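To keep things clear, I will list the structure first and then write my remarks on it.
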Amino acid sequence: MREVKTIQIDDFLKEIEKRAFRMAQMATLCEADALDIVQEAMIKLVTKYGERDSGEWRPLFFKILENRILDWHRKQQVMKKLFFWRKPNLEIGTQDENEIEQVDHHGDGESQLISEQLGERLLESIVSLPLKQQQCFILRSWEGLSIKETAAAMNINENSVKTHYARAIEKLKIQQQIIENA
Amino acid sequence: MGSVMKHKKSKDMTEDLISQKAVDALDNSVESLSPEIQQKLSLARKNALEHVSKPTSSARKLFSFLGLSPAHFGARTVVSALVFSFCLVLVFQGPLYSDKQYIDRQYTAGTSSAFTNPIDETIHTLIKDETTATNIESFILLSSFNETELEVIEDLEFAYWLSEELSEHGFEEFSEENTKGDIDA
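Residue numbers (my numbering), protein chains in the order written: chain A, -9 to 172; chain B, 29 to 213.
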């Protein structure tokens, strides 16, 4: 019985891990911290909710992940106040530039290159969104969580989810128009 | 009314388009994750899954509640803890209770109330009673000596008591006290 559960949870984590990492990376802008957050979320899911029905895992996992990301931000705020003279370490910015360069080198056709670059820009736009809007957009659009599930994962009410999502879409639309015009 | 509906429909379509583009971009970004990160993620997953294979007994729950791990309680650790506790007892209690001079000093400094701790007082009484008749009696009762040997022991005990009394009070004072005691009696 336990083995079956282990296989199920392994499959679930395998399916979700990359997206969870990307989500944490966009929220933290730090690869190492994102990895830590994902690992902590995995461990908590396994230890606390591993015995639950597999259908409950997805919203629970994202709730844990959201909480971890929020904790990380709170910690960063405190650190920023304590060590105000330090400059923030933004890994993702440099990494994205590298990825864009890779796309430049490995692109097959011009149209594909343009669409990939547009995708990269869109990603940058998502990264630049305020945290709540970003998380709300990712959970709703990418993870396909319902408004209710998103609200539960983010510890906010359903109306706030709608507001954050609408604002995120509005900002992305503006960014997209700027990109396309440029 | 119709134009409002049309506007709403076009707005929804734009939202869907943006959303779809973003999802595609996110999917592509996931596919382009470096093998190093993928390896780290699978390692993290395996690490997490190790927690599910371990059964949680009530003892383990108690340990985790106390922030301890059962791995901390190996034979070597238990022995070390016992030795450490014994050393602590020797360091803190030993000089106080085994040093008879210290106890006597404390006792003679005032009355028995000089002991702030009742345990100190009890231990002092026990040590003091070593030479009393009660202990000798119990010693005799528990021993397997014959009558002659017991008489010798009693005589020795009496001689020891007498010599102590003489050395403390002097012969004259001792004899006066005993005489007074006899008269009072």
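Virtual Cβ for every residue (Gly too), placed ideally from N, Cα, C.
The structure presented is a predicted model; accordingly, all values stated were derived computationally and were not measured.
{"Check": "Identity of the residue in T37(A), E46(A), L112(A), A143(A) nearest Q125(A) by Cα", "Outcome": "A143(A)"}
{"Check": "Minimum Cβ-Cβ distance from M144(A) to chain B less than 7 Å", "Outcome": "no"}
{"Check": "Touching by the beta-carbon criterion (3+ pairs, under 8 Å), the segment 12 to 27 of chain A and the segment 111 to 130 of chain A", "Outcome": "yes"}
{"Check": "Candidates E110(A), I168(A), N57(A), G134(A), of which the one nearest A17(A) by Cα", "Outcome": "N57(A)"}
{"Check": "Helix, strand or coil at G173(A) according to DSSP, with G and I counted as helix", "Outcome": "Not covered by the structure: residue 173(A). The range shown for chain A is -9 to 172."}
{"Check": "Cα-Cα separation between L135(A) and T105(B), rounded to whole angstroms", "Outcome": "50 Å"}
{"Check": "Three-state class that DSSP yields for N75(B) in the structure shown", "Outcome": "helix"}
{"Check": "Straight-line Cα distance separating A109(B) from D55(B)", "Outcome": "55 Å"}
{"Check": "Beta carbon proximity, K38(A) to chain B, threshold 7 Å", "Outcome": "no"}
{"Check": "Whole-angstrom distance between V107(B) and E192(B), CA atom to CA atom", "Outcome": "45 Å"}
{"Check": "CB contact flag (K117(A), I137(A), <7 Å)", "Outcome": "Sequence inspection shows Val at residue 117(A); the Lys mentioned does not correspond to that position. No; because the gap between Cβ atoms is not below 7 Å, this pair is not in contact."}
{"Check": "P120(A) CB to nearest heavy atom of the ligand GDP below 6 Å", "Outcome": "This structure lacks the ligand GDP, and indeed carries no ligand of any kind."}
{"Check": "Test item: CB-CB of I54(A) and A31(A) under 7 Å", "Outcome": "yes"}
{"Check": "Closest residue to R48(A) among R111(A), Y155(A), E139(A) (Cα-Cα distance)", "Outcome": "E139(A)"}
{"Check": "First through last residue of the alpha helix (DSSP H) which encompasses N149(A)", "Outcome": "148 to 171"}
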